[in-house]
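Since the structure comes first, as structure tokens, the remarks are kept for the end.
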Amino acid sequence: MIVGIDLGTTNCACAIFRNGQVEMVPNSLGQVLTPSAVSVDDQQRVLTGLQARERQSTHPDRTVTAFKRYMGSNHEVRLGGLNFSPEELSALMLRSLKADAEAYLGETVEEAVITVPAYFNDKQRKATRRAGLLAGLKVERLINEPTAAALSYGIHLRDQQTRFLVFDLGGGTFDVSVLEIFEGVIEVRASAGDNRLGGEDFNELLIDMARKKFEPEMGSMASDNVAIYQRLREAAERTRRQLSDNPSATFSFTWKDKTRTMEVTATQFEEGCEPLIARLRDPVLRSLRDAGITSDSLNEIVLVGGSTRMPVVRKAVTRMFGRFPSASVNPDEAVARGAAVQAALKARNADLKEVVLTDVCPYTLGVASAETTAQGGIVQGIFTPIIERNCVIPASREETFSTLRDFQPEVEFPIFQGESRWVKDNIPLGTLKVKVPKKKAHEVSVVCRFSYDINGLLEVDVHVPVTGERRQLLIVDREGISPEDIERRRGELAKLKVHPRDSDANRATMARAGRCYENSIGTEREHIGNLISQFGNVLERQDPRACEAARKELSEILDRIEGQAFL
Amino acid sequence: MIQSQVMRVLGLAEGASEADIRKAYAQRLKITHPEDNPEDFKELRQAYESALQYLRFRQQYPDAYQDESETDAEAAGSDPQITVETIPRQQHVPAAPLPVDDRREEPARLEPDENDLHAEACNRLGGGLQTGASTDELRAALEAVLTSPALANVDIYNRTEGWLIHVLASTAPASHPLLDRAIAFYQWNRVGDHRNQGPGAIVNMRARIPYEKKATEFIARVKDKRHEFHRAYKELTRPPHTRGPLSRVWALRREDLIDRFIAYITQRAPLAIESLDPEALAWWRKGKRGPLAWMMNVASSLSGIVAVAIVAVGILTFANAAGLLSRSGTSPSSQPRFEDASMIAVRAKCEREFEKVRTASSDTALLISLRNANTACQFARGLMPDSLLVTQHAGMIALARKKPDEAADHFDWILQFSPNDPYALFGKGLALSSPALMSEAIRRDPEVEAYFSALRVTFPVVTPMTETPKSRWIKPPRPQFDTAPKRIKQPAEKDIRDAVRHFGLTETPEGIAALHCLVDANGSVSECEILGEAPRNKGVGEFALRYATASTFSPATLKGVAMNDAPLFYMITLSGAGPAADASSALFAELRKRVEREADAARETAVAADAEPLPATEPEPVLSPDAQRVMARKECQTLFEGIRLAKQGQVNANRMAHAETACRRELGKAPESLLLRQQVAILALTGARPAEASGLFDEILAQSPNDPYALYGKGVAAVALDQAADTSIIAEARKRDPAVKAYFEKLPLALPVVAPMEGEPKSRFVKRPTPEADTRPKRLGDLGDDSMRAIMRRFGLGESPVGTALLDCLIRADGSVTDCVIAEEKPYNRGVGEFGVAMAYVSKFEPAKLDGQPVDKLPLRYTVSLVATKEELDRLKAEREKAAEPPDTAPSSPAPSPQAPHTDAPPPAQ
């Protein structure tokens, strides 16, 4: 069985396709969404999911969230004396999702389709793929998140003729895709995005407002202290959620026995959001322009991603398209569901035959080149596109170049991804050199061929027709990690101790209670302290039924104190 | 991918609708799954995209003149099968500003009021820009547009941005004060999106404003004869291809001035460069880069401060050495002078080291001497770039260094000045492994073999040449004149001394040289060539060339007016300084006899260069956004012609690859161009890939079955593939167009000997079935300028070709065209046919009808005439209207000729 996994910035989800339909896989807490959080406890044991996220504000130096934002970089996190790379953290998440799926299905799961933001670059995709390997999953396919969402929306419309736009605003990334369905073909016409824009940015906005408000009494601490930052962040998330349903909300956080509050109205918040809302427009414009489609001819606007629940975002979308967006998909589940459909397509599930999905490469790939100006100077670092963005994949394109200087011995092809005319503003992917016969300038031509495969992996091939010399480059992984390395690191990760799965719920509740304790003051705090001790005593008796009853009771009390728990 | 391939991949007939194409693609996609079969998928996808693109291209330019369609339909009415299309030759003109859209058409779903307000604001801004409102009014109007709440809608935002770009660009300079605000609002100047051509144009426009003003003023000043840079401006507006090699060397004396001029405008008025001739500019820069670049090489390979110092002085002197060419000989004395002794030493070192290479006794000795010799002679060449002998040494050193391409370049350069030089011929033959050239050189001068055989290079087997070789000198066209030019003044003593110093000699060489020069109206000479020299290989010729340019002549006159380019045969005897000067009159007589013999041979056998038609004068380049595309196409054309007309053996693999790359790139942009396809095919043929060439010619013939050039090419390819192939096709092609042989002749190909064809060739065009119909299809109206421009843009043409083409197209029931075949075109090989076909695809037709219902795919034959001028067009139109009775019983006359473009086409052949 191949599972579909949505590896999100704030939450992960897992789904499978069987008996002709998609089923969401619940985690050990019986929930469909698993927060993307990893924490390490005092016994150096690893916690993932809700139980880890609840520790975020109480153990900020031992807990990490939103690590997807660092995917593909060398940014390492130190948790309780252990170092983790972003892909290892992702691997830990994938491993827990895998365990959930195995528990749900009753069989081992070894293959997965994992989603990535459409705007993830080559390095980020490679890192995601490695994360899968580290978790012991064969990554059958990486699929773009908006494409997956579109698939879950569009699979029921496969016999129709329709065009729609997927607007995917997640926790950390923003993607837009324009799709068309005709004759059983689901075709992505264009994708665009901003991989630094998501719900977290809206939280930052509230945090900034709070800092401004509290700075006079707290001094620069409000900005510098990491623990305070995590508290603020948690409070911001809570406030933002409240603002989705209420005209105003209270931003409240506790630090050093003092609770500070701030009233935020929806209007205030919306005004502050304007710069972020303006950033939403660019990818929408670009995707429509690239697809050559006007918004009138779209049959539907599909909102995906938890952040699209914000009224301010919905309002902006309505203004942009002059109509109300569709409410027919669950914004949290659509991506995972689509991944499961893709997995089924990949496995040629009999219920889904006659459907073909084609996707695009959302960014432009090319090489750095130089040219002679009218003034006779040489301008270097010009980006020459070879595969233009929104080209249907798999695709191969080639371009012919010639030597720039007399008797130059070799030609270098620095490979880049991006949309800027200058390579310095684009992302370097690698470099290829080829020897050429020493001739006058422009006399030797070199053919450069880019092949972009269906998983978004790029292969570059350079060929000198005169000599027949050829060079190839598969854009290599960071520092060229070998399969042995991956195997070794997988072994290391496997050795990390993990709590038994069946006690996850108890630990999550305990962590939440701990957080509430720290967030409250006075008698309330005392009360919570007592509850924690009681719950601890019950847990020690190791009677499952008693534990469950005590947990339920505690959760209800906590709900009363701080409002519903959320994901 | 061409149209037929596209349709084959999709399994469709040509002219399929968009729905058909999409359906076919979807069906094939299920079989050619992108995951299982990526390579086939890529092909399928490409075919799908090409098909859609082609369809859109057709939909985009369907315009027709409404008012003219009536007369046209009338004219065509009496003979529905034949219509005449007459289009004036086109040039790019900037498109007129579009009227402001009325945004009331906007589907107003949520807030209709906002849209109305926005449309109002746009109208006010557009109107203000066109009627010249005040700057403040314009700014306010722009502000109203940019702050309009309707912009929240992405469609309106998008459309407004596009509209604004257009309006701002087309109403410049009225729009200039608005640019900053618009750029800031739409962030057009942020790190660019390379695909956004439009915004880039606005940002560039903004950046250019101050420079444009400066450049215009500067050019106006420099056009004044008294301006210090006036001469340089003149040089840089004169395209180098219009001047001969010596005229170029001659112009080198202005290098210093031109350097300063270029440096000046680069710094002060960069946009003034656009008023200069790009070719001339490139040539001057290249000429400069050459010597400097190798000097750097020398500097890096020599060691020691002294050597570097010499080079430094050498660089300074190079400019000076060029100055020596000046007749007045007044080089500025402030510049340091390279000592004569050093010059002599440089040349002597080259000679010495070269002799070591030439006579090296072993491979080891050769290896040691090669490096030294190469450095020494390259250095010498840089200081005396016009020395043929040093260049010859350099060529031989290149041969010894196993660099035949480089050697061939050197020898070719010599042959430009001295076409009969046996040493250069032999060297070139050796470089290109051409025994024919070598045997010719030996026949001209038997000593040459011994001279070269000392070089440790493997010789090919050379069979001696029996007949006397003809002179390779080509007589330039000769203007009319009453009095011939004469030399009136010998060079001054000082000029001779300068020449001796320039070549690094200690005394003038002794001997006689016969030259042929062109004498200009101002009494100077240019483009001198050496017809003969004695003794050879002693530098007599190169000295004579320099000597000639330092002399003064009286120009040829016609009715008392001095003429340019008058030819002068001219013998120079160099004696005096040498030790044997007085006593050698007998020797000189002998030498003179030899030279005269050679010169006479040249005069007698000189081939008049009138076989090649002179290229038509280029029109003034019109600045347009497509200038680049036109330049690119021209580059392909130039490179291709360079190869086609190259002297034997001048073509090397690199030049071929270069030309092929350029032409293939063009073909990629206009895949339906038959002319480009033909050029690529000929390049494939030249590159010894006959199978590929044959395929390409077949593709041409599919669309133009009677094209003699494709037929000829196909025949040649067939022979290259199989010696015993049928050559009747070649004979047929020659019968169709006798010029075709001359066209292919110079290519380095084995052209088979074929017997001329008996009788007239039959048309190869196969008539297509005509479905039953009551009425015939007819064409509705001529094409508009926009459509013509679009086609020109597609083909990268600066102007439309002139001629007539007889097309046979199928008219579909919806009035569109498919399957156009060129039945005949006049003149051939000028792209008239392909242009006509492209026009047909964007023309509107009325389908044939049966019982009032349109009938699909009825053939229509009609002639497209493309004329050069508006007057001609008017004349033709008048004639067409006068001819009330079009001859619908036209006899089977030959294809319509360009002189009578209004004649109707012959009925279908066969």
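Each protein sequence line maps, in turn, to chains A and B. Take 1 as the starting number for the first sequence in the numbering used here and just add one per residue. Take 1001 as the starting number for the second sequence in the numbering used here and just add one per residue. For each residue, glycine too, the CB sits at the ideal point set by N, CA and C. Remember, predicted model here, so these are calculated numbers, not experimental data.
Query: Determine, for GLU1035 (chain B), whether the minimum Cβ-Cβ distance to residues of chain A falls below 8 Å.; Result: yes
Query: Given LEU1639 (chain B), which residues of its chain have a CB within under 8 Å of its CB, disregarding the five upstream and five downstream residues?; Result: ARG1655, HIS1658, ALA1659, ALA1662 and CYS1663
Query: Taking 8 Å as the limit between beta carbons, can you name the residues of its chain near VAL1357 (chain B), skipping five residues before and five after?; Result: LEU1366, SER1369, LEU1370, ALA1373, MET1396, ILE1397, ALA1400 and LEU1455
Query: Note down the Cα distance separating GLU1824 (chain B) from GLU1834 (chain B), rounded to an integer number of angstroms.; Result: 11 Å
Query: Measuring CB to CB, does ALA1026 (chain B) end up less than 8 Å from GLU183 (chain A)?; Result: yes
Query: Against chain B, does PHE450 (chain A) count as a neighbour if the rule is that its beta carbon must be under 8 Å from one of theirs?; Result: no
Query: Establish whether the CB of ASN1372 (chain B) and some CB of chain A are separated by less than 8 Å.; Result: no
Query: If we count the other Cβ atoms within 10 Å of its Cβ and call it buried at 16 or more, is LEU1281 (chain B) buried or exposed?; Result: buried
Query: Alpha helix (DSSP H) containing TYR517 (chain A): first to last residue?; Result: 504-519
Query: Residues in the region 1650-1664 of chain B with C-beta within 7 Å of chain A's C-beta atoms, listed in sequence order?; Result: ALA1653, ASN1654, ALA1657, HIS1658 and THR1661
Query: Cβ of ARG1022 (chain B) less than 8 Å from any chain A Cβ?; Result: yes
Query: Examine chain A for any beta-carbon lying closer than 8 Å to the beta-carbon of MET1296 (chain B), and answer yes or no.; Result: Low confidence applies here, because MET1296 (chain B) scores a pLDDT of 42, under 50, leaving its location unreliable; read the following figure in that light. With 8 Å as the cut-off, MET1296 (chain B) does not count as an interface residue toward chain A.
Query: Taking just the CA atoms, how far does VAL3 (chain A) sit from PHE120 (chain A)?; Result: 21 Å
Query: Look at the alpha carbon of ILE1700 (chain B) and the alpha carbon of THR1818 (chain B), and state the distance between them as a whole number of angstroms.; Result: 16 Å
Query: Spell out the partners DSSP gives ASP461 (chain A) in its beta bridges.; Result: A:ARG449 and A:GLN472
Query: Give me the Cα-Cα distance between GLN161 (chain A) and ASP1851 (chain B), rounded to the nearest whole angstrom.; Result: 36 Å
Query: Given that LYS439 (chain A) touches chain B, what residues does it touch there, using C-beta distances under 7 Å?; Result: ASN1654
Query: Run through DSSP, which three-state label would ASN299 (chain A) get?; Result: coil
Query: For chain B, find out if any of its Cβ atoms is closer than 8 Å to the Cβ of PHE164 (chain A); answer yes or no.; Result: no
Query: Measure the alpha-carbon distance for ASP1726 (chain B) versus ALA1702 (chain B) and round it to whole angstroms.; Result: 20 Å
Query: Does the ligand PLP have even one heavy atom less than 7 Å from the beta-carbon of ASP282 (chain A)?; Result: Summarising the ligand content, the structure contains no ligands, and the ligand PLP is consequently not present.
Query: Answer yes or no: does any C-beta atom of chain B fall closer than 8 Å to that of ALA344 (chain A)?; Result: no
Query: Contact criterion: CB-CB distance below 8 Å. Does PHE983 (chain B) meet it with respect to chain A?; Result: Past the boundaries of the shown model lies residue 983 (chain B); chain B is included only from 1001 to 1910, so the question cannot be answered.
Query: Going along chain A in order, which residues have a C-beta closer than 7 Å to the C-beta of ARG1045 (chain B)?; Result: VAL392
Query: Let me check understanding here. Comparing Cα to Cα, which of B:THR1391, B:TYR1423, B:PRO1801 and B:LYS1475 lies closest to CYS1528 (chain B)?; Result: B:LYS1475
Query: Whole angstroms are fine: how far does the CA of LEU1545 (chain B) sit from the CA of HIS1516 (chain B)?; Result: 10 Å
Query: Please confirm whether GLY199 (chain A) and THR358 (chain A) have their CB atoms less than 8 Å apart.; Result: no
Query: Where DSSP assigns a beta bridge to HIS1516 (chain B), which residues make up the other side?; Result: B:GLU1529 and B:PHE1569
Query: With a cut-off of 8 Å, does the C-beta of THR523 (chain A) fall near any C-beta of chain B?; Result: no
Query: Taking CB distances under 8 Å as the criterion, tell me whether GLU354 (chain A) reaches chain B.; Result: yes
Query: What span of residues does the alpha helix (DSSP H) with ALA149 (chain A) cover, start to end?; Result: 145-154
Query: Measuring CA to CA, which of B:ILE1822, B:ILE1156, B:SER1843 and B:GLU1879 is closest to PHE321 (chain A)?; Result: B:ILE1156
Query: Only counting the same chain, and skipping five residues up and downstream in sequence, which positions put a Cβ closer than 7 Å to that of THR1483 (chain B)?; Result: ALA1556 and THR1557
Query: CA-CA distance, ASN530 (chain A) and ASP559 (chain A)?; Result: 16 Å
Query: Taking 8 Å as the CB-CB limit, is GLY575 (chain A) close to chain B?; Result: A query on residue 575 (chain A) cannot be resolved here, the shown segment of chain A reaching from 1 to 567 and no further.
Query: Please identify the residue among B:ALA1731, B:ASP1856, B:GLY1815 and B:LYS1428 whose C-alpha is closest to the C-alpha of GLN1059 (chain B).; Result: B:GLY1815
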